[in-house]
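Residue numbers (the working numbering): 1 to 188.
Put into structure tokens, the structure is as follows:
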């Protein structure tokens, strides 16, 4: 490499190394805040309860329509596959990377997912989210913690939940990864 090439490469490296800060401040200001993440989690819980109540008041078709709208607004299926591993699924349909798979999980009634009974239809009345941690990196955030759901009979279900949220260019907050499982317990 000639001396001139080395100097040019060094100048290019220096320009690129300082550019990201300038680009971030002048072209995109989509950084997520913790308040936005907490609001998105709260909205998810409220939507779960709303789908359960819609099912009780108006039947499966209305619950399915509401769940479809929730998936469109809350999840990033419009951005590509969502890394969704619901709580109560089994192989070969453990992971739900498409909206149809997620909709089947939440409301059932899809012959392509015969084991789904409708997680959102279980009479939920309240949802509380207790994060163990929230990590924010620009326009993405990840959370891990518990989701505590109470049904209309007062039965409480606790799940371990990890979410990744992305703030899109239009300011929408979308779930792009969602992993849920029952807490591990040691047999005694």
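From the three backbone atoms N, C-alpha and C, an ideal C-beta is built for every residue, glycine too.
Review point. Can you tell me the Cα-Cα spacing of residue 194 and residue 124, whole angstroms?
Key: Because the chain is modelled from 1 through 188, residue 194 falls outside the range shown and cannot be assessed.
Review point. How close, in whole Å, do the beta carbons of residue 177 and residue 164 come, if the pair is a contact with beta carbons under 8 Å?
Key: Numbered from 1 along the chain shown, position 177 holds the residue referred to as residue 177. Numbered from 1 along the chain shown, position 164 holds the residue referred to as residue 164. 4 Å between Cβ atoms; contact.
Practice item. Enumerate in chain order the residues of its own chain whose CB-to-CB distance from residue 21 is below 7 Å, with the five nearest sequence positions on each side excluded. Key: On the chain shown, position 21 is the one that residue 21 refers to. Legend: pLDDT at residue 21 = 36, less than 50; position of this residue unreliable, value from coordinates given subsequently. Closer than 7 Å at Cβ, skipping near neighbours: no residue.
Check your understanding: Where residue 174 and residue 44 are concerned, what is the direct C-alpha to C-alpha distance, given to the nearest angstrom?
Key -> By one-based count along the chain shown, residue 174 stands at place 174. By one-based count along the chain shown, residue 44 stands at place 44. Taking the straight line joining both Cα atoms gives about 11 Å.
**Study point:** Coarse secondary structure for residue 112, derived from DSSP in three states
**Key:** Translated into the one-based positions of the chain shown, residue 112 becomes position 112. Taken through DSSP and simplified to helix, strand or coil, residue 112 comes out as coil.
Review point. Does the stretch 112-123 come close enough to the stretch 47-55 to have 3 or more Cβ pairs within less than 8 Å?
Key: Output reads yes: the stretch 47-55 touches the stretch 112-123.
Check your understanding: So, is residue 1 buried or exposed, given that buried needs 16 or more other C-beta atoms within 10 angstroms?
Key -> One-based indexing of the chain shown puts residue 1 at position 1. Interpretation of residue 1 is limited by its pLDDT of 46, a score under 50 that renders its predicted location unreliable; the figure taken from the coordinates is listed afterwards. Exposed, by the Cβ-count rule.
Exercise for review: Pull up the DSSP beta-bridge partners for residue 49, would you.
Suggested key: To locate residue 49, count along the chain shown from 1; it is residue 49. Residue 49 pairs with nothing; no bridge assigned.
Practice item. Could you please give me the residues that DSSP links to residue 160 through a beta bridge? Key: Position 160 of the chain shown, counting from 1, holds the residue named residue 160. Note: residue 160 sits in a beta bridge opposite 146 and 181.
Check your understanding: Taking Cβ positions, are residue 81 and residue 97 nearer each other than 7 Å?
Key -> Residue numbering aside, residue 81 sits at position 81 when the chain shown is read from its first letter. Residue numbering aside, residue 97 sits at position 97 when the chain shown is read from its first letter. Closer than 7 Å, so yes.
**Study point:** Exposure label - residue 88; buried when at least 16 CB within 10 Å
**Key:** Within the chain shown, numbered from 1, the residue matching residue 88 stands at position 88. Looking at its Cβ environment, which holds fewer than 16 other Cβ atoms inside 10 Å, residue 88 is exposed.
Check your understanding: If we call anything under 7 Å between Cβ atoms a contact, is residue 65 one with residue 107?
Key -> Reading the chain shown from its first residue, position 65 is the one you call residue 65. Reading the chain shown from its first residue, position 107 is the one you call residue 107. Going by C-beta atoms, residue 65 is not nearer than 7 Å to residue 107.
**Study point:** Nearest candidate by alpha-carbon position, reference residue 132, set 184, 31, 146 and 39
**Key:** Start at 1 with the first residue of the chain shown, and residue 132 comes out as number 132. Checked all of 184, 31, 146 and 39; the closest Cα to residue 132 is 146.
Practice item. Give, in chain order, every unbroken run of the alpha helix (DSSP H) that is at least 4 residues long and sits entirely within the stretch 84-108. Key: 99-107
Check your understanding: Is residue 109 closer than 7 Å to residue 60 when the C-beta atoms are compared?
Key -> For the purposes of this step, residue 60 is taken as the residue at position 60 of the chain shown. For the purposes of this step, residue 109 is taken as the residue at position 109 of the chain shown. Closer than 7 Å, so yes.
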